[in-house]
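So the protein lines, in turn, are chains A and B. Each residue of the first sequence is one higher than the one before, starting from 0 at the first, in numbering that gives the first Met the number 0. Each residue of the second sequence is one higher than the one before, starting from 0 at the first, in numbering that gives the first Met the number 0. Report on the following structure.
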Amino acid sequence: MSVAADPFEGLLLPLLGGAYRTALRLTRNPADAEDLVQEAALLASRGFRSFQAGTNFKAWFFRILTNAYFSKYRQERRRGVSVSLEDAPELYLYTQATARGLLGQSDDPVGDLIGNLDSEQIIAAVDSLPEEYRVAATLYFVNDLTYEDIAGSLGIPIGTVRSRLHRGRRMLQRALGQLAQDHGIGQ
Amino acid sequence: MTAPHLFTCEEVFRRLDDYLDRELSAAEMELVAAHLDTCAVCAQEYRFEGRVLEMIRDKLGKIQAPDRLLQRVRQLLDEERRNPG
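As structure tokens, this is what we get:
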């Protein structure tokens, strides 16, 4: 990628890959994801004067992107099957690995359980999360944002981020375990 | 002189996600690390959970943005500079 002469572009352009992956997980549609990234870039450009130099541009930009998503797409009903939080125990995959005797027997029990799931299947598991968990998990997994940055991006308290991520992981593990089971992986 | 508090397995388990994310205080990070150094079962859970996160990140990170997106954003920003607002 060429170096951007404009300070705003210099901050924004390196984030576009992560922004697209995030937008794709939020909208679940490549064309909508591209539109969302472009809209967020434009909004960020217009609001850049309000950005305080020295603060976290990444968190600032992802707040714009998630706000743009919420204002444009939140009304649409989610498709697909969502997982039940009540049915998501802690250490779901660890328990599965234990039950199958993988721990201590395998160098990579996680790989044996879910390693053969491809990216599309992992995406399907993330997509199955209820929206508030899916959004937090996407910012966490795709962009490596800290809890504080996710809180800043979503305009919610850090404790809420922590709760959503912890519970979201439990649901995600269950979804991954079920997908692997459905595909006969790790049997 | 009181003995330093050491975390139990339960106390470590309740902090495992935050430890994996390095979101604990420095003191708690040290206490969890000290426990993991001496408890094989908790250390195994920690390694397992860390590998799950790594695998999910790795697979989600493989999706690439289309090349045209960068061009479109640059074009959009150029137009915005020429015709603000």
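Yeah, the Cβ is synthetic: ideal placement off N, Cα and C, and Gly gets one too.
Residue environment analysis places ALA67 (chain A) among the buried positions, since at least 16 neighbouring C-beta atoms fall within 10 angstroms of its C-beta.
The criterion of a C-beta distance shorter than 9 Å is satisfied by ARG166 (chain A) and TYR132 (chain A).
The beta-carbon of SER127 (chain A) is placed no less than 9 Å from the nearest beta-carbon of chain B. Looking only at B:LEU76, B:GLU29, B:LYS61, the smallest Cα-Cα distance to GLU8 (chain A) is reached by B:LEU76. Chain B has a Cβ within less than 9 Å of the Cβ of ARG161 (chain A). Along the length of the segment 120-179 of chain A, whole alpha helix (DSSP H) runs at least 4 residues long occupy 130-142, 146-153, reported in chain order.
Taking a contact to require three or more Cβ pairs closer than 8 Å, the segment 55-75 of chain B and the segment 8-20 of chain B do not qualify as touching. Contacts with chain B at 9 Å (Cβ-Cβ) include ALA40 (chain A). At a Cβ-Cβ threshold of 9 Å, ILE149 (chain A) and ALA58 (chain A) count as neighbours.
Boundaries for ASP106 (chain A): no alpha helix (DSSP H) harbours it, and the DSSP string shows neither H nor E there. Shown here, CYS8 (chain B) sits in a helix according to DSSP, grouped into three states.
Chain-order list of chain B residues neighbouring PHE140 (chain A): LEU52, ILE55, ARG56, LEU59, GLY60, by C-beta distance under 9 Å.
Non-local C-beta neighbours of VAL36 (chain A) in its own chain, meaning closer than 8 Å and more than five positions away in sequence, comprise LEU15, ALA18, TYR19, ALA22, LEU64, ordered along the chain.
Remark: C-beta atoms of LEU15 (chain B) and GLU48 (chain B) approach each other more closely than 9 Å. Residue state for GLY16 (chain A) is assigned as helix, using DSSP reduced to three classes. Taking THR97 (chain A) as reference, the option from B:PRO83, B:ARG73, B:VAL40, B:ARG81 with the minimal CA-CA separation is B:VAL40.
As the crow flies, the alpha-carbon of LYS71 (chain A) is around 20 Å from that of LEU68 (chain B). Counting along the chain, the unbroken alpha helix (DSSP H) around ARG46 (chain B) starts and ends at 39-59.
Close partners of HIS182 (chain A) in chain B (Cβ separation under 9 Å) are lacking, with about 14 Å as the shortest Cβ gap.
The contact set of GLU79 (chain B) on chain A, defined by CB atoms closer than 8 Å, consists of LEU41, SER44, ARG45 in chain order.
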